[in-house]
Amino acid sequence: MSSFDIEFAAVTDIGKIREKNEDNVLISSDLGLGVVADGMGGHSAGEIASSIAVSVLAETIRKVNNHQLKIPDNFLPKLEPAERKLLMAANLANAAIYSTAQSSDVYRMMGTTLTGVLFDKDSVTAVHVGDSRLYLFRDNKLVQITTDHSLAMEHVRRGLLTRAEADHSKIQNVLTRAMGIKKNIEFDLLKFPVKAGDILLLCSDGLYKGLSENDMAEILRTNAQTPIVKLCKQLVRISNDHDGQDNISAVLIKILPAQKLSFTQRVKRFFVKK
Numbered sequence: 030m031s032s033f034d035i036e037f038a039a040v041t042d043i044g045k046i047r048e049k050n051e052d053n054v055l056i057s058s059d060l061g062l063g064v065v066a067d068g069m070g071g072h073s074a075g076e077i078a079s080s081i082a083v084s085v086l087a088e089t090i091r092k093v094n095n096h097q098l099k100i101p102d103n104f105l106p107k108l109e110p111a112e113r114k115l116l117m118a119a120n121l122a123n124a125a126i127y128s129t130a131q132s133s134d135v136y137r138m139m140g141t142t143l144t145g146v147l148f149d150k151d152s153v154t155a156v157h158v159g160d161s162r163l164y165l166f167r168d169n170k171l172v173q174i175t176t177d178h179s180l181a182m183e184h185v186r187r188g189l190l191t192r193a194e195a196d197h198s199k200i201q202n203v204l205t206r207a208m209g210i211k212k213n214i215e216f217d218l219l220k221f222p223v224k225a226g227d228i229l230l231l232c233s234d235g236l237y238k239g240l241s242e243n244d245m246a247e248i249l250r251t252n253a254q255t256p257i258v259k260l261c262k263q264l265v266r267i268s269n270d271h272d273g274q275d276n277i278s279a280v281l282i283k284i285l286p287a288q289k290l291s292f293t294q295r296v297k298r299f300f301v302k303k
């Protein structure tokens with residue numbers, strides 16, 4: 030049993046110019062799960078891909094928890110149970126998207142990013158592919174935990190672009206990895222401890238196109254006592270005001286000191302879709 034309580038909030042917004050919202054977010058207090066997926070591909074394909082990603086991921090974790098589905102013994106046995114569960118769920122979600130993509134020419138180019146976190150005791154396991162991001166806000170500092178799988182960030186790593194140049198580069202939206210494009214893909218898997226006072230922020234690229242990391246940190250720093258759903262809405266609204274050229278999604282997860290309440294009282298979640 031974890032030694033803290035958790036509050037979840039999720040907000041997704043179509044932005045100013047897009048005709049559809051191809052982002053999907055999911056928060057599940059009973060699973061201890063938060064996910065952001067940013068879909069791509071025309072004819073609603075991106076919307077479908079991101080929807081499959083979050084729903085299959087959550088459903089697989091639920092089935093494993095309920096003993097309706099067993100993780101094969103030979104599936105990465107050296108990893109810890111939470112890591113194996115999350116990675117198997119991500120692999121099954123990718124297979125479902127790839128299968129849908131192959132079933133119709135309309136969906137041939139469908140794909141999606143995926144950034145998800147699963148709480149297990151006092152640790153978080155994260156699975157990630159694409160350019161959605163996971164940030165950790167701790168001790169008034171915001172740190173990006175995930176690495177963008179984008180051509181722009183590949184150029185930054187090779188010293189061809191600065192981080193500031195990458196943020197405004199024409200290749201910023203070109204992904205080097207995404208779900209649904211191949212039958213088998215490589216996910217990044219990360220595990221780290223969390224403590225009371227931490228805030229996790231998961232977001233699609235629409236959020237950080239309109240908000241610098243300094244802006245995000247300042248909003249989180251100066252609104253420490255603001256209810257989490259209001260804070261999540263604020264991040265999305267300000268990003269939309271500054272940019273709004275893309276769909277914008279954010280999941281905020283606040284780690285609170287444990288209180289003597291029932292489990293349903295302890296874990297709260299809020300979800301807003303515009």
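Per the numbering used here, residue 30 is the first one in the sequence shown, and the count goes up by one each step. Just so it is clear, CB atoms sit at the ideal spot from N, CA and C, and this is done for glycine as well. Since this is a predicted model, take the numbers as computed values, not measurements.
The three-state secondary structure of T176, taken from DSSP, is coil. Cα atoms of L230 and I214: separation of roughly 24 Å, rounded to the nearest angstrom. Note that the C-beta distance between V64 and L143 is below 8 Å. Spanning the alpha carbons of A74 and Q288 requires a straight line of approximately 44 Å. Cα atoms of V223 and V153: separation of roughly 7 Å, rounded to the nearest angstrom. Membership of M69 in the beta strand (DSSP E) is indicated by the continuous run L62 to M69. At a Cβ-Cβ threshold of 8 Å, I126 and M208 count as neighbours. Taking each of A195, L147 and D270 in turn and checking the Cα distance to V83, the smallest one comes out for L147. Taken in chain order, the unbroken stretches of alpha helix (DSSP H) that lie wholly in the region 89-159 and span 4 residues or more are 110-132. If only uninterrupted alpha helix (DSSP H) runs of at least 4 residues are considered, those enclosed by the region 254-280 are 257-271. Within the model, the alpha-carbon separation for E48 versus H184 is close to 31 Å.
Counting C-beta pairs with one atom in each stretch, the region 83-101 and the region 36-48 have fewer than three that are closer than 8 Å, which means they do not touch. Inclusion of I210 and G145 in the CB contact set at 8 Å is not warranted, their separation being larger than that value. The residues Y127, in chain order, have a CB closer than 6 Å to that of K212 in the same chain once the five nearest residues on each side in sequence are set aside.
For R47, there is no enclosing alpha helix (DSSP H), since its DSSP letter is neither H nor E.
In this structure, DSSP gives A39 an extended state, which the three-state scheme calls strand. Residue pairing by DSSP leaves I81 without any beta bridge partner.
Looking at the backbone, the Cα of T129 and that of A119 are separated by about 15 Å. Closest by C-alpha distance to E109, out of A225, C261 and L218, is L218. Following the DSSP letters along the chain, one finds K220 inside the beta strand (DSSP E) bounded by residues D217 to P222.
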